[in-house]
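These notes concern the structure reproduced below.
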Amino acid sequence: MHDPGDLSDEQLVEKVRDENHGLYRHIVERYEQKLRRYAMTFVHDTEVADDVLQNAFMKAYINLWGFNTKKKFSSWIYRIVHNEAINEIKKRKKELYLEDTPEAEMVESTEDGADVTTDGNRTKEMLEQSLERLPLMYREPLVLYYLEERSYQEIVDILHMPVGTVGTRIRRGLALLKKIVEDHHSPL
Amino acid sequence: MNDRRSLADKITQSINEHKVKMHPKVYFTLGSGMLGIGLAASMLAAAFFCGVTLFRLRMHQPFDFLGAPKGFEAFIGNMPWIPIILALAGIIAGTWIMRKYDFSYRHAFIGIAGGFVSSLLVFGIVIDAVGLPERAGESTLMRPFVEQRFSNDTWLIGVANDVSDDRFNLAVPRGDVIHVYFRNNTVIEPPIPLQEFEWVRVIGEWNDETFDADVLFHELPPRGVGHIMRFQIPIER
């Protein structure tokens with residue numbers, strides 16, 4: 001019998017569906033960290049991100065027969081988290097959503113993170129802050145491509161948009177990110 | 001107090017306690033089947049009603065009425081509104097269902113919608129060309145969608161006969177014969193004399209049992225007229 005750790009995602013899904021529902025635990029463990037980080041792209045709150053994650057894994061389990069094992073499981077589960085997070089944002093209708101508006105960007109202080117101790121930490125924090133200032137439509141493909149290291153084709157499947165749009169958003173997102181870094185973090 | 005169990009533990013417990021259950025395979029198979037049937041049905045309906053719309057536009061040419069005196073009412077009365085609405089409903093439903101399919105997001109929506117509408121128009125032209133709307137007019141079920149009125153308060157469509165300088169008889173579908181009188185200022189488009197058994201459209205007004213013509217359009221008999229109209233022109237020899 002195969003060790004579940006040796007199986008690909010898609011093989012593991014087939015095992016869960018056909019043989020042992022309990023093996024779903026391995027899928028959760030494989031993706032928990034990556035998806036929590038991805039969910040944080042939207043909600044910026046670990047507890048909310050955990051709720052999003054739990055709902056997403058439950059929905060994925062309920063709809064596991066709807067997954068086509070000829071496709072990539074990772075794209076499918078990322079898509080579910082994306083949908084859950086968007087629903088969460090809509091449901092809460094609070095500052096998380098407002099952060100994406102240019103008006104909110106205008107009033108944000110540039111003095112955040114003044115107490116960083118090392119250059120490395122400061123750079124990381126600066127990038128995180130700058131990313132958070134990006135509108136979600138640009139932030140999401142950038143995070144998927146650069147932080148989650150997903151391919152363009154996977155991003156197409158996760159965000160459900162044509163490959164040309166993904167490319168455009170990554171390109172524009174980078175340009176915007178550069179501008180934000182220059183505007184908010186330029187040395188005095 | 002916070003639940004400190006890991007996410008994997010919580011989910012596994014929910015699965016073991018049957019708080020969450022996997023939908024069976026048949027649920028998704030049926031769902032895909034229904035989606036496919038819905039898409040096919042909406043495409044067929046949209047293509048058929050595109051065909052009927054083209055057929056009726058060709059039969060009555062409502063746009064010709066525009067610009068003529070009292071032409072707007074004739075235009076409104078001759079436009080095939082119900083087939084247009086049904087064709088649009090089919091297009092909207094089909095496009096909506098297509099967006100549910102996996103492949104759709106990989107392409108620009110405008111391209112999918114454009115391709116869908118273009119293919120329906122081509123099907124519509126083919127359906128009209130092979131005479132399907134006329135045949136559908138034979139069916140009691142489909143007749144209300146295919147059939148059109150051929151007379152109204154301000155306009156008539158039919159075949160002229162018994163033509164004289166000041167009047168003619170107009171045989172309208174379903175066998176009625178209406179006496180139409182020219183006025184001094186009746187406009188004839190194009191301005192050539194009216195021939196016996198010519199297909200015409202007339203805009204004007206009723207004067208008791210007769211009709212006074214303001215504008216008369218010469219027409220070629222539309223293809224398929226014999227199927228749908230059961231026309232009986234009273235020929236007196």
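Going down the list, the sequences are from chains E and W. For the first sequence, UniProt numbering gives the first residue as 1, with consecutive numbering after it. For the second sequence, UniProt numbering gives the first residue as 1, with consecutive numbering after it. For every residue, glycine included, the Cβ atom is placed at its ideal position computed from N, Cα and C.
- Under a criterion of Cβ atoms nearer than 8 Å, the residues of chain W adjacent to E:Trp65 are, in order, Met22, His23, Pro24, Lys25, Tyr27, Phe28.
- Measuring C-alpha to C-alpha distances from W:Ser151 to each of W:Glu17, W:Arg201, W:Val26, W:Ala93 identifies W:Arg201 as the nearest.
- Around the beta carbon of E:Ser130, a 10 Å sphere encloses 16 or more other beta carbons of the protein chains shown; the residue is thus reported as buried.
- For W:Lys10, the nearest CB of chain E lies under 8 Å from its own CB, placing it at the interface with that chain.
- For E:Leu136, none of the residues of chain W pass the 9 Å Cβ criterion, the least Cβ distance being about 18 Å.
- Listed in chain order, the non-local C-beta contacts of W:Trp155 below 6 Å within the same chain comprise Ala74, Ile203, local neighbours out to five positions each way being set aside.
- Between W:Asn185 and W:Ala171, the CB-CB gap reaches or exceeds 8 Å.
- Assignment of beta-bridge partners to W:Ser151 by DSSP yields W:Leu156.
- Residue-level contact check: W:Ala108 touches chain E, since one or more beta carbons of chain E fall below 8 Å from its beta carbon.
- Scanning chain E for C-beta atoms nearer than 8 Å to the C-beta of W:Leu39 yields nothing, as the closest lies near 18 Å away.
- Bounds of the alpha helix (DSSP H) holding E:Val156 are 152-159.
- The C-beta distance from W:Phe103 to E:Trp65 rounds to 20 Å, too long to meet the 8 Å contact threshold.
- Taking a Cβ-Cβ cut-off of 9 Å, E:Pro4 has no neighbours in chain W, whose nearest Cβ is about 12 Å from it.
- Proximity of W:Ile15 to chain E, defined by a Cβ-Cβ separation below 8 Å, is satisfied.
- Assigned with DSSP and collapsed to three states, E:Arg139 falls in helix.
- Contact of W:Tyr105 with chain E by beta-carbon distance below 9 Å involves Val156, Asp157, Leu159, His160, Met161, Pro162.
- Rounded to the nearest whole angstrom, the C-alpha separation of E:Gln54 and E:Met40 is 13 Å.
- The beta carbon of W:Pro190 lies closer than 8 Å to those of His218 in the same chain, with the five residues before and after it left out.
- In the three-state scheme derived from DSSP, where H, G and I count as helix and E and B as strand, W:Leu216 is classed as strand.
- Under the rule that a run must span 4 or more residues, the alpha helix (DSSP H) segments found entirely inside the stretch 34-98 of chain W read 71-78.
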